[in-house]
Amino acid sequence: MKNQRRKFIQMSTMLGMGAAFMPLQFCAAPKKEEEVVAEAVATKSKLSNFGIQLYSVKEDMGADAQATIRALGGYGYKQLEGFDGGKGILWGMQPAEFKTLMTESGTTMVASHANVFENLDAQAAQAAEVGMKYLICPWIGPQKSLDDYKKKADEFNQIGQKLKSHGIRFAYHNHDYSFIPQEGAMGQDILMDNTDPALVDFEMDIYWVHVAGINPAEYLAKYPGRFRLCHLKDAEAGTGDPHQRGVLLGAGEIPYADLIKQSMGLGMEYFIVEQERFPSGTPMEAAAANATYLAALEY
17 MKNQRRKFIQ MSTMLGMGAA FMPLQFCAAP KKEEEVVAEA VATKSKLSNF GIQLYSVKED
77 MGADAQATIR ALGGYGYKQL EGFDGGKGIL WGMQPAEFKT LMTESGTTMV ASHANVFENL
137 DAQAAQAAEV GMKYLICPWI GPQKSLDDYK KKADEFNQIG QKLKSHGIRF AYHNHDYSFI
197 PQEGAMGQDI LMDNTDPALV DFEMDIYWVH VAGINPAEYL AKYPGRFRLC HLKDAEAGTG
257 DPHQRGVLLG AGEIPYADLI KQSMGLGMEY FIVEQERFPS GTPMEAAAAN ATYLAALEY
């Protein structure tokens, strides 16, 4: 009788210890739906760095480039993408002066749109001296045939090879014309398929892709790793003149939170605001509003 009682006590003790070491999933209460949603929200991210194409504030740049860049840094832009406003890609400044301005404004000049068909070596040397990553062709215009697009692709490869010797990457920035079908295909596809990924990257202007009737996310997925930069600008809903649909970020129909998240998984590195139409307010006010929107955007 004593032995049986002793065995019962031992078994009870072991069962108690076992319960203490049971896996937590067997002990914890199921999570409520609102807790699951809260956890999902908590894992969202925000852009820590984003830039602006200086063409967005071209009049201000023409009036006082240094004051404009300092103001943009104050709005929260960490990156700048330039353009040649008639004073060169450094706006008449010497490289050392330009680098000092970058330090003072808390910005980095990551790229510049440029005429890559003339004086390429001189521009590349300047770009390299201030630490730019890219020189970008902003425009080639609608080509008469797909064969003409193929010739441009060959030229892009040559430009990319020359810039590579300076430690600079080459990229092409699209408009809507290369997404308009001709001869049963799209010029943009010809450019993508006939350029060397080791020499040529692309900057997707998401607005122009969208108003051309192409889904930007689907096109990015079609060519993963080829688009390293993008222009962020929104389009008001509708099918009006594609040149007259630009609005502030968040005021249009382009789903930027989803696009930013998807594009990052497909190789996108640089997110550059560009505003060309101003339904209300000044270009600098638009730049400030767009920076505020991007800083708060969760994806």
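Residue 17 is where the sequence shown starts when you use my numbering, and the numbers rise one by one after that.
We put the beta carbon where it would ideally sit given N, CA and C, even for glycine.
Predicted model, so just to flag it, every value in this text is computed and none were measured.
Measuring CA to CA, which of the options is closest to residue i?
{"i": "A143", "options": "Y193, P154, A127 and P158", "result": "A127"}
{"i": "E15", "options": "L63, Y309, E134 and G89", "result": "Lying outside 17 to 315, the shown extent of the chain, residue 15 is not represented and no answer is given."}
{"i": "A214", "options": "G176, V132, Y150 and K168", "result": "G176"}
{"i": "G262", "options": "S296, T123 and Y193", "result": "S296"}
{"i": "A302", "options": "A79, A87 and P232", "result": "A87"}
{"i": "I68", "options": "A307, F294, V289 and R293", "result": "V289"}
{"i": "D80", "options": "F66, G108 and N231", "result": "G108"}
{"i": "P111", "options": "E134, G101, A138 and G102", "result": "A138"}
{"i": "K167", "options": "G266, L264, N210 and Y193", "result": "N210"}
{"i": "R293", "options": "D257, M118, D217 and E285", "result": "D257"}
{"i": "F66", "options": "Y165, E234, K103 and G122", "result": "G122"}
Should residue i be labelled buried (16 or more other beta-carbon atoms within 10 Å of its own) or exposed?
{"i": "T324", "result": "Outside the displayed range of the chain (17 to 315) lies residue 324, so it cannot be described from this structure."}
{"i": "G203", "result": "buried"}
{"i": "Q317", "result": "Not covered by the structure: residue 317. The range shown for the chain is 17 to 315."}
{"i": "G98", "result": "buried"}
{"i": "T255", "result": "exposed"}
{"i": "Q260", "result": "exposed"}
{"i": "S279", "result": "buried"}
{"i": "D250", "result": "buried"}
{"i": "F287", "result": "buried"}
{"i": "F133", "result": "exposed"}
{"i": "T59", "result": "exposed"}
{"i": "D192", "result": "buried"}
{"i": "A237", "result": "exposed"}
{"i": "D212", "result": "exposed"}
{"i": "F37", "result": "With a pLDDT of 39 at F37, under the threshold of 50, the modelled position of this residue cannot be trusted; read the value that follows with caution. That one is exposed."}
Once the 5 residues before and after residue i are set aside, which same chain residues still bring their CB inside 7 Å of it?
{"i": "M148", "result": "M125, V126, A127, S128 and I184"}
{"i": "L162", "result": "Q198, E199, A201, G203 and I206"}
{"i": "D76", "result": "T84, P299 and M300"}
{"i": "A305", "result": "L264"}
{"i": "H226", "result": "P232, A251 and I270"}
{"i": "L275", "result": "I222, P232 and A233"}
{"i": "Y165", "result": "Q159, G203, I206 and L207"}
Identify, in the order they occur along the chain, each residue of the same chain with its Cβ nearer than 6 Å to the Cβ of residue i, setting aside the five sequence neighbours on each side.
{"i": "A140", "result": "L179, H182 and I184"}
{"i": "F114", "result": "L106 and V146"}
{"i": "N19", "result": "At N19, the pLDDT of 47 sits below 50, so the modelled position is not reliable; the number obtained from the coordinates is stated separately. Taken in chain order, the list of residues that qualify is empty."}
{"i": "A311", "result": "G92"}
{"i": "I152", "result": "A127, H129, A187, H189 and E219"}
Would you kindly report the start and end of the unbroken alpha helix (DSSP H) that includes residue i?
{"i": "I68", "result": "First-last for I68: G67 to Q69, but that is the beta strand (DSSP E), not the alpha helix (DSSP H)."}
{"i": "Q110", "result": "Looking at the DSSP string, Q110 is not in any alpha helix (DSSP H), and its letter there is neither H nor E."}
{"i": "D170", "result": "L162 to K180"}
{"i": "G229", "result": "Neither: G229 is in no alpha helix (DSSP H) and is coded neither H nor E."}
{"i": "E145", "result": "L136 to E145"}
Spatial neighbours of residue i within its chain, please: CB distance less than 8 Å, with the 5 preceding and 5 following residues excluded, ordered by chain position.
{"i": "A273", "result": "L313, E314 and Y315"}
{"i": "L40", "result": "Low confidence applies here, because L40 scores a pLDDT of 39, under 50, leaving its location unreliable; read the following figure in that light. Contacts found: none."}
{"i": "K62", "result": "A311, A312, L313, E314 and Y315"}
Please report how far the alpha carbon of residue i lies from the alpha carbon of residue j, in whole angstroms.
{"i": "F195", "j": "P240", "result": "17 Å"}
{"i": "Q95", "j": "G268", "result": "24 Å"}
{"i": "L136", "j": "I156", "result": "16 Å"}
{"i": "G283", "j": "E171", "result": "24 Å"}
{"i": "S72", "j": "P158", "result": "23 Å"}
{"i": "A253", "j": "Q291", "result": "16 Å"}
{"i": "F42", "j": "K277", "result": "Reliability of the predicted coordinates at F42 is poor, the pLDDT of 39 falling under 50, and the value obtained from them is presented with this limitation in mind. Roughly 35 Å separates the two Cα atoms."}
{"i": "W224", "j": "L70", "result": "18 Å"}
{"i": "G337", "j": "R244", "result": "Any question about residue 337 goes unanswered here, given that the chain covers just 17 to 315."}
{"i": "Y150", "j": "I230", "result": "26 Å"}
{"i": "S64", "j": "A307", "result": "11 Å"}
{"i": "G266", "j": "M208", "result": "30 Å"}
Starting from residue i, trace the beta strand (DSSP E) both ways and give me its first and last residue.
{"i": "M125", "result": "T124 to H129"}
{"i": "Y193", "result": "Counting along the chain, Y193 falls outside any beta strand (DSSP E), and DSSP gives it neither H nor E."}
{"i": "D221", "result": "V216 to D221"}
Taking 7 Å as the cut-off, is the CB of residue i close to at least one heavy atom of the ligand ADP?
{"i": "L151", "result": "Absent from the structure shown: the ligand ADP. Ligands present: none."}
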